[in-house]
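First comes the structure, then the notes that go with it.
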Amino acid sequence: MMNALKKAMGLFWIVLGPACILFLFMQAFEKVGLAEAGVAKTNTALQWGIILFIFIPIAAGLVIFGYYAFKGEYDKLPED
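Last residue of the sequence shown: number 175 in our numbering, and the count goes up by one each step with no gaps.
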């Protein structure tokens, strides 16, 4: 039961990582597009660039974690 849940959650993490990045890119394009021309647009683009720079590795980590969970690497955890 628990191993099946781990595999199902692994698929969830694999899908969640790219979905989050896609959502963040859509939000970035929308917010930068709505910003006024000049300094405001530059500042908005810089802020979203930093946000994406930070969250892309986090999303990649989710995918890697999900892959290992789906593969069954966490089926036998060490005990004390």
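Each residue gets a CB set at the ideal place from its N, CA and C atoms; glycine is no exception. In this text the structure is predicted, and so the values were computed from the model without any measurement.
With fewer than 16 other Cβ atoms inside 10 Å of its own Cβ, Gly128 counts as exposed. As the crow flies, the alpha-carbon of Lys136 is around 5 Å from that of Ala130. The criterion of a C-beta distance shorter than 8 Å is not satisfied by Leu119 and Phe148.
Excluding five sequence positions before and after Trp108, the CB atoms of its chain that fall closer than 6 Å to its own CB belong to Leu157, Phe160 and Gly161, given in chain order. Rounded to the nearest angstrom, the Cβ distance from Phe165 to Leu106 is 6 Å, consistent with a contact under 8 Å. Contact annotation: Trp143 and Lys126 have beta-carbon atoms nearer than 8 Å.
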